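Colleague: Below you'll find the structure I mean.
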Amino acid sequence: MIPTLARLQKMSESEKLAMEEEVAWRLMGNDATFEQTQWRDQVILRSQQPALLERRVRMALGVGDRQGLKTWLARLPEESRNKDEWRFWRASVMIDEGKRSEGEAILRSLMNERGFYPMVAAQKLQVPYPVMVAVAGKTAHRSGEWPGDCPGA
51 MIPTLARLQK
61 MSESEKLAME
71 EEVAWRLMGN
81 DATFEQTQWR
91 DQVILRSQQP
101 ALLERRVRMA
111 LGVGDRQGLK
121 TWLARLPEES
131 RNKDEWRFWR
141 ASVMIDEGKR
151 SEGEAILRSL
161 MNERGFYPMV
171 AAQKLQVPYP
181 VMVAVAGKTA
191 HRSGEWPGDC
201 PGA
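According to my numbering, the residues represented by the sequence shown are 51 to 203, in order.
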């Protein structure tokens, strides 16, 4: 139906792809038929939309599809691929494929950051993750009063 509509409306290829991507978003649920999922994945393979590609990676994770995870991670644009989340999963795939030293190097690099995935990387490597908590210094405004204690504040 989309090819016919695109032809009748004289849509450019980019306009047609944008429409297909919108439909692909709507086919991300578990209620899509096999044919719909095949079509959706073909659209996503042609897509340059990071959010759509990331959603497809998450779907592969959600159903435990390790081959799909590898495929879709590889399709992510570099900017997305460098996010902590995707670095962690890329390293996990490498380790699962027997590329342990490569995967562990990514995890060690990730541990230099602060956040959830760096912490999980440390856990996967079975090394301690130093939790750093910054404590704010106490500074009195005038004669020992805090901002909420000052009249008129």
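Positions of the beta carbon are idealized from the N, C-alpha and C atoms, including for glycine.
Note that the coordinates shown come from a computational prediction; the quantities given were computed from them, not determined experimentally.
(1) Can you tell me which of the three DSSP states Gln86 falls into?
(2) Measure the alpha-carbon distance for Pro180 versus Gly187 and round it to whole angstroms.
(3) Which same chain residues, not among the five before or five after Ala172, have their C-beta less than 6 Å away from its C-beta?
(4) Quick check on DSSP: helix, strand or coil for Lys174?
(5) Which residue's Cα is closest to the Cα of Arg164: Glu147, Gly153, Arg150 and Val183?
(6) What's the C-alpha gap between Glu129 and Pro100?
(7) Span of the alpha helix (DSSP H) holding Gly112?
(8) Check for me: the alpha helix (DSSP H) holding Asp81 runs from which residue to which?
(9) In angstroms, rounded to a whole number, what distance separates the CA positions of Gln88 and Ile156?
(10) Which same chain residues, not among the five before or five after Ile145, have their C-beta less than 6 Å away from its C-beta?
(11) Could you tell me the distance, in whole angstroms, from the CA atom of Arg108 to the CA atom of Leu123?
Modeller: Once the coordinates are examined:
(1) helix
(2) 21 Å
(3) Met161 and Tyr179
(4) helix
(5) Val183
(6) Going from the Cα of Glu129 to the Cα of Pro100 covers about 9 Å.
(7) First-last of the alpha helix (DSSP H) with Gly112: Pro100 to Gly112.
(8) Here Asp81 belongs to no alpha helix (DSSP H), and DSSP marks it neither H nor E.
(9) 32 Å
(10) Gly153
(11) 10 Å
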